[in-house]
Each structure stands twice: as C-alpha cells, then as structure tokens.
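Visitor: Residue numbers (our numbering): 22 to 84.
Cβ atoms here follow ideal geometry from the backbone N, Cα and C, with glycine treated the same way.
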Amino acid sequence: MSMTHNAHPVVGGLGAVAAGTADLILFNGRITTLDRQAPEATALAIRNGQFVAVGDEREVMTL
C-alpha cells in the first residue's frame with residue numbers, strides 16, 4: 022500500500038485533508054509510507070473505514 026505525505030485531497034492513493042471529519046486519528050507514530058519522496062509520516066486519519074489523511078501531526082490534526 023502506498024501513502025503520500027503532506028496534506029492533499031485523497032484521489033486514488035492516500036493523502037491528507039479530505040472534506041469532513043475523521044472517525045479516528047492516530048498520531049505521534051512512525052508510519053512508513055512506501056512513498057520515496059515522503060517515506061515517513063507521523064499521523065493518519067480514518068473515516069468510514071478508509072484512510073483519508075497521512076502526513077504530519079499538524080496537518081492531520083486539523084480534521
């Protein structure tokens with residue numbers, strides 16, 4: 022599974038900051054994204070059973 026870093030709308034892959042609120046936010050972690058340009062993240066958000074955000078805590082906590 023490939024995830025992107027930095028808050029961007031989710032389309033196809035995984036990104037951060039999609040419209041609406043998250044059901045669950047996991048933060049203060051070490052997340053390996055498998056994205057060569059952004060190999061690690063510290064937070065992710067889940068809504069309706071799907072990843073809606075992957076990035077740093079500052080970006081993801083706004084959901």
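Using the beta-carbon count (16 or more within 10 Å), is residue 61 buried or exposed?
Guide: Exposed, because fewer than 16 other Cβ atoms sit within 10 Å of the Cβ of residue 61.
Visitor: Counting only the same chain and skipping the five closest in sequence on each side, list residues whose C-beta sits under 6 Å from that of residue 45.
Guide: Counting only Cβ-Cβ distances below 6 Å, and skipping sequence neighbours, we find 67.
Visitor: Compare the C-beta of residue 53 against all C-beta atoms of chain C and say whether one is closer than 8 Å.
Guide: The question asks about chain C, but that chain is absent: this structure has only one protein chain.
Visitor: Taking C-alpha atoms, which residue in 71, 76, 42 lies nearest to residue 56?
Guide: Ranking 71, 76, 42 by Cα distance to residue 56 puts 76 first.
Visitor: Starting from residue 68, follow the beta strand (DSSP E) in both directions and report where the run begins and ends.
Guide: Here the beta strand (DSSP E) through residue 68 covers 61-68.
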